[in-house]
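**Q** So that we are looking at the same thing, I have put the structure below in structure tokens.
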Ligand SMILES: CC(C)(COP(=O)(O)OP(=O)(O)OC[C@H]1O[C@@H](n2cnc3c(N)ncnc32)[C@H](O)[C@@H]1OP(=O)(O)O)[C@@H](O)C(=O)NCCC(=O)NCCS
């Protein structure tokens, strides 16, 4: 870098000579909305097609049906509809969005990324737009990045979307993976907390690339391949550790958390986590039965279901945790800031 172009980091941090449009503030999740394809494939249909038993799949995954996008349905259109709904629920005008983040590994085209297409479709014409890739940990990673933008005053309002049509990368002939996955989208609006409640606490993120072969898609066959038992072991161990670390970092104990929203990878992983951490099942969200694993979308889908069921209220403490390919994982505690009558 040329000497004359360098920014003195100290004077930059002090804001000398560099003005920021926004003031740093305490970020919160202001709203959530989802969009799921209407067509589905039931586990009974899939089992018949694969020549395996429906009971084997249900007992190991908890999944009875998964939404599947039609070939002409576009991920970016689902993401835009969920994004628009989240903005309207939060009372935020699209023109006031500063940043659109889309966590996905199944964007409609290899290029462009989904975020600019979604930003345009929702009317967020002033916003920057970035896709982020951390597989099933993508939404949580986006929550960390989006919250940091608001905390530092680099943005005021962020539209964060977790969106995946995972069935587009699933080999329908592979009995070890096809039963697990489904399609869906969930969006949240992040912005300055309104009043006393609402916060995004510390988010602990981790990664271990030595686990890369356990879930991967290569360019040649473009289908998801997975070592199920290996993923299972790591998913339970890493999400359990991250849960404890995140709750501690937030200055809380597990008993202070009102709701645990985990990546909906499969029902057996959720049960194993609850058992390992001795969490009462009524405080663990399990919506996998009719949704399957929609990768980056599962956390906002879980939040939205919990809100619909009256299990979220302004001020509720929610643990979010995810695990995915990479391996990547993480956890964080959020104080729900959604509007009471949303
Ligand atoms: C995929 C998963 C359900 C498989 O269950 P499992 O008990 O570990 O099963 P295995 O893969 O060891 O297979 C055990 C046997 O069942 C068979 N099997 C695999 N899938 C089957 C199916 N759908 N129906 C019937 N039998 C099946 C296997 O062929 C194997 O038989 P074999 O020993 O004769 O070859 C389980 O490993 C799992 O949940 N892993 C985590 C995956 C996940 O959630 N990934 C997403 C994370 S982001």
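Residue numbers (the working numbering): 1412 to 1753.
Just so you know, even glycine gets a beta-carbon here, dropped at the ideal spot from N, CA and C.
In three-state DSSP terms, what is residue 1528?
**A** Residue state, collapsed to three classes: helix.
**Q** Can you give me the start and stop residues for the alpha helix (DSSP H) that residue 1680 sits inside?
**A** Start and end: 1678 to 1687.
**Q** Quick test of the definition: if touching needs 3 or more C-beta pairs under 8 Å, does the region 1441 to 1459 touch the region 1600 to 1612?
**A** Because the criterion of three Cβ pairs below 8 Å is met, the region 1441 to 1459 and the region 1600 to 1612 touch.
**Q** From 1674, 1714, 1712 and 1665, pick the residue whose C-alpha is nearest to that of residue 1398; which is it?
**A** Here the chain comprises residues numbered 1412 to 1753, so residue 1398 is not present and cannot be evaluated.
**Q** Determine the direct distance from the alpha carbon of residue 1698 to that of residue 1591, and round the result to whole angstroms.
**A** When rounded, the distance between both Cα atoms is 13 Å.
**Q** Are at least three pairs of beta-carbons, each pair with one atom in the region 1642 to 1656 and one in the region 1730 to 1747, less than 8 Å apart?
**A** Taking 8 Å as the limit for Cβ pairs, the verdict is that the region 1730 to 1747 does touch the region 1642 to 1656.
**Q** Quick check for students: name the residue ranges of the alpha helix (DSSP H) that lie wholly in the region 1580 to 1660, counting only runs of 4 or more.
**A** Listed in chain order, they are 1639 to 1660.
**Q** Would you call the CB atoms of residue 1725 and residue 1609 closer than 8 Å?
**A** Yes, the Cβ-Cβ distance between residue 1725 and residue 1609 is below 8 Å.
**Q** Taking the alpha-carbon of residue 1501 as reference, which of 1480, 1629, 1571 and 1452 has the nearest alpha-carbon?
**A** When only C-alpha atoms are compared, the closest one is 1571.
**Q** Ordered along the chain, which non-local residues of its own chain (more than five positions away) have a Cβ less than 6 Å from that of residue 1701?
**A** Hits under 6 Å: 1476.
**Q** With three or more beta-carbon pairs closer than 8 Å as the criterion, would you say the region 1545 to 1554 touches the region 1562 to 1582?
**A** Yes, the region 1545 to 1554 touches the region 1562 to 1582.
**Q** Say yes only if the C-beta of residue 1694 is nearer than 7 Å to one or more non-hydrogen atoms of ligand 1, and no if none qualify.
**A** Checking the Cβ of residue 1694 against ligand 1 gives no.
**Q** Beta-carbon separation of residue 1491 and residue 1447 under 8 Å?
**A** No, they are not a contact pair.
**Q** Pairing CB atoms from the region 1621 to 1629 with CB atoms from the region 1455 to 1466, are three or more of them under 8 Å?
**A** No contact exists between the region 1621 to 1629 and the region 1455 to 1466.
**Q** Using the Cα positions of residue 1503 and residue 1615, report the straight-line distance between them to the nearest angstrom.
**A** Residue 1503 and residue 1615: Cα-Cα distance of roughly 28 Å.
**Q** Would the beta-carbon of residue 1657 fall within 8 Å of that of residue 1613?
**A** In contact: residue 1657 and residue 1613 (Cβ atoms closer than 8 Å).
**Q** Less than 7 Å between C-beta atoms, sequence neighbours within five positions excluded: which residues of the same chain meet that for residue 1493?
**A** These residues qualify, in order along the chain: 1444, 1445, 1446, 1572, 1596, 1597 and 1598.
**Q** Under the rule that 16 or more other beta-carbon atoms within 10 Å means buried, what is residue 1566, buried or exposed?
**A** Under this definition residue 1566 is a buried residue.
**Q** If you drop the 5 nearest sequence neighbours on each side, which residues of the same chain put their C-beta closer than 6 Å to that of residue 1736?
**A** Here the set comprises 1546 and 1626.
**Q** Which of helix, strand or coil does DSSP assign to residue 1494?
**A** Helix.
**Q** May I ask you to report which of helix, strand or coil DSSP gives residue 1704?
**A** In this structure, residue 1704 counts as strand in the three-state DSSP scheme.
**Q** List the endpoints of the continuous beta strand (DSSP E) containing residue 1470.
**A** Element bounds for residue 1470: not the beta strand (DSSP E) but the alpha helix (DSSP H), 1465 to 1472.
**Q** Classify residue 1460 as buried or exposed, calling it buried when 16 or more other Cβ atoms lie within 10 Å of its own Cβ.
**A** Exposed, by the Cβ-count rule.
**Q** In the DSSP assignment, the beta strand (DSSP E) including residue 1746 goes from what residue to what residue?
**A** Here the beta strand (DSSP E) through residue 1746 covers 1739 to 1746.
**Q** Enumerate in chain order the residues of its own chain whose CB-to-CB distance from residue 1593 is below 6 Å, with the five nearest sequence positions on each side excluded.
**A** Excluding positions up to five away in sequence, the list reads 1477, 1478, 1702, 1703 and 1705.
**Q** Consult DSSP for residue 1575 and reduce its assignment to one of helix, strand or coil.
**A** Strand at residue 1575.
**Q** Which value, in whole angstroms, describes the spacing of the CA atoms of residue 1388 and residue 1512?
**A** For the chain, the structure presents residues 1412 to 1753; residue 1388 sits outside this window and is missing.
**Q** What three-state label does DSSP hand residue 1533 in the structure shown?
**A** Looking at residue 1533 - three-state DSSP - the assignment turns out to be helix.
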